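Chemist: The structure that follows is given in the form of C-alpha cells.
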Amino acid sequence: MALSIWQSMQQKGYSRRDFLQFCTAAAVMAGLDRSAGAQVASVFEKKEKPAVVWMHFQECTCCSESFIRASHPIVVDALLDVMSLNYTETLMAASGFQAEKSLNDTIQNNKGKYIVLVEGAVPTGADGVYCMIGGKTAESILQTVAKDAAAVVAWGSCASNGCVQAAKPNPTGATPIHKLINKPVINVPGCPPIADVMMAVVTHLLVLGQIPALDSLGRPKEFYGRRVHDTCYRRPNYDAGLFVESFDDENARKGYCLYKMGCRGPVTYNACSVTKWNEGTSYPIQSGHGCIGCSEEGFWDNGPFYQHLASFPGFGIESTADTIGIDVGVATLAGVAAHAVVTNIRKQKVIAEVHAEEHTQVPAGK
Amino acid sequence: MTASRINARTAPAAVFPPLAEHPVEYRRVYVWELPVRVYHWINAVTLVLLCISGYIIGAPIRAFYAAEAYQQYWFGWVRFIHFVCAFVYVFNFAARIYWGFNSNKYARWNAFFPLTRAQRQEMVDVFKADVLQTKLHGPISTGHNAVAGFVYFFTFLAFVAQTITGFALYSSMSNSWLPRMFTWIVPLMGGEASVRSWHHLLLWFFVSFIIIHIYLAFYHDYIEGRGTISSIVGGWKFEREKQDD
Amino acid sequence: MARIVVDPVTRIEGHLRIEAVVENGIITDAFSAGTMVRGLEKILIGRDPRDAWAITERVCGVCTTVHALASVRAVEDAIGISVPPTAELIRNIMMSTLYVHDHVVHFYHLHALDWVDIVNALKADPKKAAELAGSFSKWDKNTPAYFAAVQEKIKAFAASGLGIFANGYWGHPAYKLPPEVNLIAVAHYLDALEWQKDIVKIHAVFGGKNPHPNYLVGGVPCSIDVDEVAAINSERLNLVASLISQADEFINQVYIPDVLAVASFYKDWAKWGGGLKNYLSYGEYPTRGYSQVDSFKFARGVILNRDFSKVHPVNPRDSQEIKEYIAHSWYDYEGGDAAGLHPWAGETKLNYSGPKPPFESLAGYEKYSFLKTPRWKDQPMETGPLARLLVSYAAGHADVKESVGAVLGKLNVPLEAVFSTLGRTAARAIDAELAMGWLKEFFAELMGRVKTRETSTFNGEKWEPKTWPTECEGVGLVEAPRGSLAHWIKIKNGKIDNYQLVVPTTWNGSPRDAKQQRSSFEESLIGTPVAKLDEPVEILRTIHSFDPCLACSVH
Ligand code: HEM
Ligand code: HEM
Ligand code: NFV
Ligand code: SF4
Ligand code: SF4
Ligand code: F3S
Ligand SMILES: [Mg+2]
C-alpha cells in the first residue's frame, strides 16, 4: 500500500506543525500565496506517493546514471520520499518474473495514476526484435505501459528524438516514443539530460502536481527555453570576436569563445550554461570543449563536431556550405570569364555594329 | 510589346545597315520607374552587406586578439549590421512585391513568368543568342528579357527562403512579432543547426547570382549599346526606331 | 530437468536473458542472450574519425569514458601521433576515477542485494550494528543513531510498498548475513548512492560533465593555466584534490571493509562460479606513454589454463589472434557462419533468426544472441578485474601482488578461492583500492607538472584530416572496469571506412562459438546449485559478479 506524504512524514517523526510548515514552504516554492498553505496541505495529505515506472529500451543507461547524480534532492530522498519507483531494470531488486510482476502490479493497481519514465528509443525495424525484454518487444511493452499512464516522460535524446542509434543509417529503425504513442509526451532531451533537470521535471510532476509548461517540441520551457549560447559565460568573447583557434592555444587558456572549434551552443536548447552539471561543477564549454548539441534532434548527423557547419552529405569530409559554395563561386567566375572571351570572339560583328552607330539621335519629346 | 521590339531574327541586315549609310535612330523609353530603381539599389547594397556580414558570422576572421572582451564588440557589430540589413532588405522586398501590381508593364509581376508563347519563344532565343551564341542577335526586350525575368523569379524565391531561414534563426534572439512568426520553422527543418546550414548555403546562391547578374548587365550594355546599366540608375533605355517608321 | 529463464536480468546495464538447465538442483547448461542491438558499428562508417569518441562513448553510460578513450587511442594509433604526458595523466585520472566510481556502484547498487536481505535488516539492533561496524572500519558516521535512523527510514519505506526493493527474494535461504551486517550494508547502500554523485565531479572538471565527459583526439580538451580564471586553475585542482580525499576515505573505510565483511559470510561461494580458466587483460594506466606497455600499472597478457608461470603476449594487430565468430549470433558474415573475422576485417550485418516475439524460450534455436563471440587464438577468455589482477600477479607487479595477498589473508582463504563468484567480487574491491591509490599518485604527478608549467594538453600536429595518409588503420586498447576493451578503426580519405568494437562483456557474455566452447557467463554457471527454481538468486550472484554491461557488449 502506498502512503500519503503526510503519513510518511508522520512515520519519520514529524509533527503536524512541521508538516504545515513544509506545506507552506512548498506552496511558496510553487509560487502560491502563504495563506494558500492550508489548501495545499489537504492536497498533499490525500496524495499517496505516486507510482512510477522507469522503462529501459535502446539506451546506454546514462540517463539513469545521470539521474542518480542529482543533488537537490539527492536520489535517495527522491526514491524514499517523493515517489514509489516500482520498476527500473537498473536498480530494482527483483529480476525475471518477479520484475515483470512489479510492473504488471503497478499498472493494474494504479490505472490512470502512475507515471511512466522512458529511457531509450524503440526500434521498429524487423518487427521490433532489436530490443526485447522478457521475450516481448520494446514496442509492445511501451504500448502496454503507456496506455493507462497519467503522464509519460521521455528521458534523454534517445527517447525524445532517437539519439545515436537513430543516426544515419539508423540500422534498427530506432524511433522516439512520441512517434509511437497517442499521448502527450514530456520530452527531456540531452545525452544525457542534466541530473538536476531530470529531478526537477520529476518533482514538477509529483510535488507541484503539474505538467511543466512545454514548448512546441514537448520540452519543459523551464530548461529548454534558451540556447546554451544565450547564457554562456564565454558569450562576451563571442561578441568581441575573440575565438579559440586551436585546442589548448593561448586563447583557449583565456577562455575565449569555442565557436570556431565547432561549438553548437548557438543552435542548442539546453540549461547547461545556467544549471550546469554535477551540482553546478561545470559544463562542456567550461572544460574547454565545444557543445556538441546533445539535446538537439539529429545532432549526430550535424557533425563533424569540430567544424562550425555540418557537412553536406555526399560531398566528402569537411565539405560545408562554404567549401561547396566557394567551388560554386569560383566556377561561376570562371564561367563568366570564359563567356566574356567567347563573346568577344563570336560576336565581333555585333560589337562592331554597335560601335559603328555613330550618328545616333534621340528624338525629342519621347 | 512586339512593336517596340526589333525582330533581329528576321531582319538583321535591315536593322543594322552598313556603316554610315543610314544613321540609326534611337528613342528614349522610360522603363524603370523610381520605386524600381530605389528598390534595386537598396536591395543591391543590403544584399552585398548581408553576404559579407553573413560570411563573417559563419567564419569569423582572426582580428583584434590583443584587446579584452570588454573593450570591443566587433563581432557583435557584424551581426548587428547583418540584422539591420536583414530588416531593410525584407521590407524593401515587400515593397517591391507591392509595386509589382502597380508598376508599368516592364516591372509588373507577369514580366517574371513565361506565361505567353512569345515569352517562351523569347527564352529560346535568348538562350541561343547569349548562352550558346549560335545566333548573333538575340531579341532585344525593353524590360527584362524572358530569361532574366524568370531568373529573377527564382531569385525572389531564394529571397523568401533566406528570409524565412534568417528570421527563424533570429526568432531565438528576439521577442518581437515579426521574427516570432517564424519560430515554427526551426523544428520543421530539424533544428537550428540545419536551418543555419541552409541559410549559409544560400549565401552562395546570391554570390553566384550577383557575379552573373553584374556581368550580364555589362554584357548587354556592351553588346547592345543602349544604356542598360544607366537604365537602372536613371530609368531610361534607348530603343532603335524602326527603319520604316 | 528444468529450464529456467531470467529475463530481464536486472541490476546490470542493458538487456540480458539467461536460460539455465537445472538437473537435480544443479545447473548443467546455460545460455546467455543479449537482446538489444543498435548497430553503432554501421552508424560509425563514413563519419569523421575525430567524432568517433563521442559516438562510441554513447555505447554505455555506466562505463562512460572507456569507449571514448579506446576510440581516441585507436585514431591516434592510426594517424600516428602520441599525446602530451599531461594529457595522458588526465586520461589516467579520468579512468581511475571511473574504476572507483563504477566498482562502488556495482557493489552496493547492482550486486549487494544478491547477498544482503534488506527486510532482514529491520530486525537488527542498531547499537550492535555500530559496534560491529566499528570493529572493521573507522568511519565517523557508523554510530547507533545513524543505524537507527536508517532502520526507521527503511521501516517506513517497507510499509509503503518497498518501491525498487519490491518482489526481491527476501527471506530466501541463501541469504546468510546476520541482521546487523544487513543493516550496515543497507545503510552504506544509501550512503554510496549519495557519495557516487560527488566523485564523478572529477570528470566534470576535466571533461565538462558526467555521464559522458568530453574527450579529444590528440589529448584532452581542457587547458591548464594557474594564472587564468577560465582554465583548470588552483581552484579546480583543489576541488579535485578534495574529491579524491573524500573518495579515499569512502573506499578504505566503507567499501573495502563492507566487501570483506559480507564475503566472510559467504565463503562457500568460493566453490562456485569459477568458469573459464583463461584470463585476458590488455593492461592499463600508461605511465611513460601509451606505446610503452611495460610502463603500465596493469600488465597486458593472457593466462591459459590457470598456468601462472607463463603470461602470453597479446597482439591485437595479428589477424590470427583476436577473432569474432557469429555461429550462434544473430548476424551474417559474407564468409558464412563458421568464419572468424579479425576486427579490422569485421562485419556487422544484422540477421535475427530467433523466435518471433512474444516468446517463452530460446531453446532449440541455433542462434540466440546479439553478442558476437570473440576468441583469442580460438580460446574463450574471461576478462575483468579478476583476470587483470591475475595477469598482473603472474607478471609480477608488486603492488598487485601485495593487495591480493592482503585480502586473501584477511579472508583467510587460499589463492584458489579467487577462481569463483566470490573471488570475482573480491577482485573488484582490490581493483578499486589499487585504482584509488593510483588516482592519488596521478594527481600528485599532475600537480608536479603544474608546478613546473609542463601543462600542454593537446597535440595538434595531425589535427587536420588532410595531414593523414589516404588509408590507415589503428587499434585502441583499454582495460575498462569490466575488462579488456578494444576498438579497431580503418580510415580512408579522412573518413571511417570500418570500425569494430570488441568489448569486455562481449568476451564474457557471448554465446558459445562454432566449436561449442562456452564463454564466461555460461561456463561459470555450470555446477552451481539452485535451491528454489522460481527464485534463482544463485544465478544472479554469479552473473552479477561479472558486472555485465549489455549495451557495451552488443553496441
Ligand atoms: C538574403 C541574404 C542573406 C544572406 C546571404 C545571409 C547570410 C548569412 C550567413 C552566411 C550567415 C552565417 C550562418 C552560419 O554560418 O552560421 C547568416 C547568419 C544569420 N542570418 Fe543571414 N543572411 C541573409 C539574410 C538574412 C535575413 C533576411 C535574416 C533575418 C533576420 C538573417 C538572419 C540571420 C541570423 C539571425 C543569423 C545568425 C547570426 C548569429 O546567430 O550570430 N539573414 N546569414
Ligand atoms: C549587387 C547586387 C545586385 C542585386 C542583388 C541586383 C538585383 C537585381 C534584381 C532583383 C533586378 C530585377 C529588378 C526588378 O525588376 O525588380 C535587377 C535588375 C537590374 N539590375 Fe541589378 N542587382 C544588383 C546589382 C546591379 C548592378 C551593380 C548593376 C549595374 C551594373 C545592375 C543592373 C541591373 C539592371 C540593368 C537591371 C534591369 C533588369 C534587366 O534589364 O533585366 N544590378 N537587379
Ligand atoms: N563491458 C563493458 Fe563497459 C565497461 N567496463 C566497456 O567497455 O560497461 Ni558499459
Ligand atoms: S540519451 Fe544519450 S545518455 Fe541517454 S541513454 Fe541515450 S545515448 Fe545514453
Ligand atoms: S563557447 Fe559556444 S555557447 Fe559559448 S559563446 Fe561561444 S559559441 Fe556560444
Ligand atoms: S553538448 Fe550537451 S551537455 Fe550541454 S553544452 Fe551542449 S547541450
Ligand atoms: Mg563489435
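Just so you know, the sequences run in chain order A, B and C.
Heads up: the first sequence begins at 1 in this note's numbering, then just goes up one per residue.
Heads up: the second sequence begins at 1001 in this note's numbering, then just goes up one per residue.
Heads up: the third sequence begins at 2001 in this note's numbering, then just goes up one per residue.
We put the beta carbon where it would ideally sit given N, CA and C, even for glycine.
Remember, predicted model here, so these are calculated numbers, not experimental data.
(1) Counting only C-beta atoms, is Met369(A) closer than 7 Å to chain C at any point?
(2) Can you tell me the Cβ-Cβ gap for Phe2136(C) and Pro2286(C), rounded? I've got them flagged as a contact below 8 Å.
(3) With a threshold of 7 Å on Cβ separation, who are the neighbours of Gln2517(C) within its own chain once the five nearest residues in sequence on each side are excluded?
(4) Phe299(A) to Ala2192(C), Cα distance in whole Å?
(5) Could you name the residues of the same chain whose beta carbon sits closer than 8 Å to that of Glu119(A), not counting the 5 residues immediately before and after it, in chain order?
(6) Check the Cβ of Ile376(A) against every Cβ in chain C and list those closer than 9 Å, keeping chain order.
(7) How would you list, in chain order, the residues of chain C whose beta-carbon sits under 9 Å from the beta-carbon of Leu85(A)?
(8) Measuring only between beta-carbons, confirm whether Phe2136(C) sits less than 7 Å from chain A.
(9) Grouping DSSP H, G and I as helix and E and B as strand, with all else coil, what is Pro1018(B)?
(10) Starting from Tyr259(A), find everything on chain B with Cβ-Cβ shorter than 8 Å and list it in chain order.
(11) When the Cβ atoms of the region 2016-2030 of chain C are set against those of the region 2517-2531 of chain C, are three or more pairs found closer than 8 Å?
(12) Note down, in chain order, every chain C residue with its Cβ under 7 Å from the Cβ of Arg253(A).
(13) Locate the alpha helix (DSSP H) running through Ser2077(C), then write down its first and last residues.
(14) With DSSP collapsed to three states, give me the class of Tyr114(A).
(15) Any heavy atom of ligand 1 closer than 6 Å to the Cβ of Cys1051(B)?
(16) Cutting at 6 Å between CB atoms, please list the residues of its own chain near Leu2260(C), excluding the five before and the five after it.
(17) Counting Cβ pairs, one atom from each stretch, are 3 or more of them under 8 Å apart for the region 2108-2127 of chain C and the region 2155-2174 of chain C?
(18) From Gln196(A) to Glu279(A), what does the alpha carbon distance come to, in whole angstroms?
(19) What residue range is occupied by the uninterrupted alpha helix (DSSP H) comprising Glu2180(C)?
(20) Cβ atoms of Phe1218(B) and Arg1226(B): under 7 Å apart, would you say?
(21) Under 7 Å, Cβ to Cβ, is there at least one residue of chain B near Val76(A)?
(22) So that I know if they touch, is there some Cβ in chain A lying closer than 7 Å to that of His2212(C)?
(23) Which residues in the same chain as Ser1230(B) place their Cβ atom closer than 6 Å to its Cβ, once the five residues preceding and following it in sequence are excluded?
(24) In chain order, what residues place their C-beta within less than 7 Å of a heavy atom belonging to ligand 5?
(25) Can you grab the Cα-Cα spacing for the pair Lys2141(C) / Leu2408(C), in whole Å?
(26) Against chain A, which members of the region 1189-1200 of chain B pass a CB distance test of less than 9 Å?
(27) Would DSSP call Gly1237(B) helix, strand or coil?
(28) For Asn270(A), is the beta carbon positioned less than 6 Å from some heavy atom of ligand 6?
(29) Over the uninterrupted beta strand (DSSP E) stretch that includes Arg2388(C), give me the two end residues.
(30) For Leu2040(C), is the beta carbon positioned less than 6 Å from some heavy atom of ligand 3?
(31) Leaving out five residues on either side along the sequence, give the residues of the same chain with a beta carbon under 7 Å from the beta carbon of Lys276(A).
(32) Under 7 Å Cβ-Cβ, which residues of chain A neighbour Leu1136(B)?
(33) Is it true that the region 2384-2403 of chain C meets the region 2303-2320 of chain C, where meeting means three or more beta-carbon pairs spaced less than 8 Å apart?
(34) Quick check: is any heavy atom of ligand 6 less than 6 Å from the C-beta of Tyr283(A)?
(35) In chain A, which residues lie with their C-beta within 7 Å of the C-beta of Ser2456(C)?
(36) Tell me, please, whether the CB atom of Cys291(A) is closer than 7 Å to any CB atom in chain C?
Modeler: This is what the structure holds:
(1) Outside the displayed range of chain A (1 to 366) lies residue 369(A), so it cannot be described from this structure.
(2) In the third sequence, residue 2136(C) corresponds to position 136, counting from 1. In the third sequence, residue 2286(C) corresponds to position 286, counting from 1. Contact flag wrong, Cβ pair sits at about 35 Å.
(3) Numbered from 1 along the third sequence, position 517 holds the residue referred to as residue 2517(C). Excluding positions up to five away in sequence, the list reads Pro2380.
(4) Here residue 299(A) corresponds to residue number 299 of the first sequence, with the count starting at 1. Here residue 2192(C) corresponds to residue number 192 of the third sequence, with the count starting at 1. Their Cα atoms are separated by approximately 34 Å.
(5) Counted from its first residue, the first sequence places residue 119(A) at position 119. If we look at Glu119(A) and ignore the five residues flanking it on each side, its Cβ neighbours are Trp54, Met55, His56, Phe57, Glu59, Thr61, Cys63, Ser64, Trp155, Gly156, Cys158, Ala159.
(6) Residue coverage of chain A in this structure runs from 1 to 366, which leaves residue 376(A) outside it and unanswerable.
(7) Looking up residue 85(A) in the first sequence gives position 85. Under the 9 Å cutoff, chain C gives Gly2163, Ile2164.
(8) In the third sequence, residue 2136(C) corresponds to position 136, counting from 1. Chain A, which has no Cβ nearer than 7 Å to the Cβ of Phe2136(C), makes this no.
(9) Counting from one through the second sequence, the residue named residue 1018(B) turns up at place 18. Reliability fails at Pro1018(B), whose pLDDT of 48 lies under 50, so the model's placement of it is uncertain and no value is given.
(10) Mapped onto the first sequence, residue 259(A) falls at position 259. The answer, in chain order, is Pro1060.
(11) yes
(12) Counted from its first residue, the first sequence places residue 253(A) at position 253. Chain C residues near Arg253(A): Ser2223, Asp2225, Glu2228, Ala2231.
(13) Mapped onto the third sequence, residue 2077(C) falls at position 77. In the sequence on display, residue 2077(C) carries Asp and not Ser. First-last of the alpha helix (DSSP H) with Asp2077(C): 2066-2079.
(14) Taking the first residue of the first sequence as position 1, residue 114(A) is located at position 114. Three-state result, Tyr114(A): coil.
(15) Translated into the one-based positions of the second sequence, residue 1051(B) becomes position 51. Within the cutoff, so yes.
(16) Residue numbering aside, residue 2260(C) sits at position 260 when the third sequence is read from its first letter. The residues are Lys2410.
(17) yes
(18) Numbered from 1 along the first sequence, position 196 holds the residue referred to as residue 196(A). Numbered from 1 along the first sequence, position 279 holds the residue referred to as residue 279(A). According to the sequence as given, residue 196(A) is Asp; it is not Gln. If I take the Cα positions, the gap works out to 8 Å.
(19) Translated into the one-based positions of the third sequence, residue 2180(C) becomes position 180. That run of the alpha helix (DSSP H) goes 2179-2199.
(20) Position 226 of the second sequence, counted from the first residue, corresponds to residue 1226(B). Position 218 of the second sequence, counted from the first residue, corresponds to residue 1218(B). For Arg1226(B) and Phe1218(B), no; Cβs fall outside 7 Å.
(21) Within the first sequence, residue 76(A) is the residue found at index 76, counting from 1. Taking Cβ atoms only, chain B never reaches closer than 7 Å to Val76(A), which makes this a no.
(22) In the third sequence, the residue the question calls residue 2212(C) occupies position 212. With 7 Å as the cut-off, His2212(C) counts as an interface residue toward chain A.
(23) In the second sequence, the residue the question calls residue 1230(B) occupies position 230. Within the same chain, Ser1230(B) has no close Cβ partners at all.
(24) Val228(A), His229(A), Cys232(A), Arg234(A), Arg235(A), Asn237(A), Tyr238(A), Cys257(A), Leu258(A), Tyr259(A), Cys263(A), Gly265(A), Pro266(A), Ser273(A), Ile285(A), Gly290(A), Cys291(A)
(25) The count along the third sequence starts at 1 and reaches residue 2141(C) at position 141. The count along the third sequence starts at 1 and reaches residue 2408(C) at position 408. In a straight line, the C-alpha of Lys2141(C) is about 27 Å away from that of Leu2408(C).
(26) Gly1190, Gly1191, Glu1192, Ala1193, Ser1194, Val1195, Arg1196, Ser1197, Trp1198, His1199, His1200
(27) The residue labelled residue 1237(B) in the question sits at position 237 within the second sequence. Reading off the sequence, residue 1237(B) comes out as Lys, not Gly. The answer is strand: DSSP assigns Lys1237(B) an E or B state.
(28) Within the first sequence, residue 270(A) is the residue found at index 270, counting from 1. Asn270(A): yes, Cβ under 6 Å from ligand 6.
(29) Along the third sequence, read from residue 1 onward, the residue named residue 2388(C) stands at position 388. First-last for Arg2388(C): 2385-2394, but that is the alpha helix (DSSP H), not the beta strand (DSSP E).
(30) Looking up residue 2040(C) in the third sequence gives position 40. Incorrect: Leu2040(C) has no Cβ contact closer than 6 Å to ligand 3.
(31) Start at 1 with the first residue of the first sequence, and residue 276(A) comes out as number 276. The residues are Ser282, Tyr283.
(32) Against the second sequence, residue 1136(B) aligns to sequence position 136. Within chain A, the residues near Leu1136(B) are Lys347, Lys349, Val350.
(33) yes
(34) Numbered from 1 along the first sequence, position 283 holds the residue referred to as residue 283(A). Tyr283(A): yes, Cβ under 6 Å from ligand 6.
(35) Within the third sequence, residue 2456(C) is the residue found at index 456, counting from 1. What Ser2456(C) touches in chain A: Asp248.
(36) By 1-based counting over the first sequence, the position of residue 291(A) is 291. No, its Cβ sits nowhere closer than 7 Å to a Cβ of chain C.
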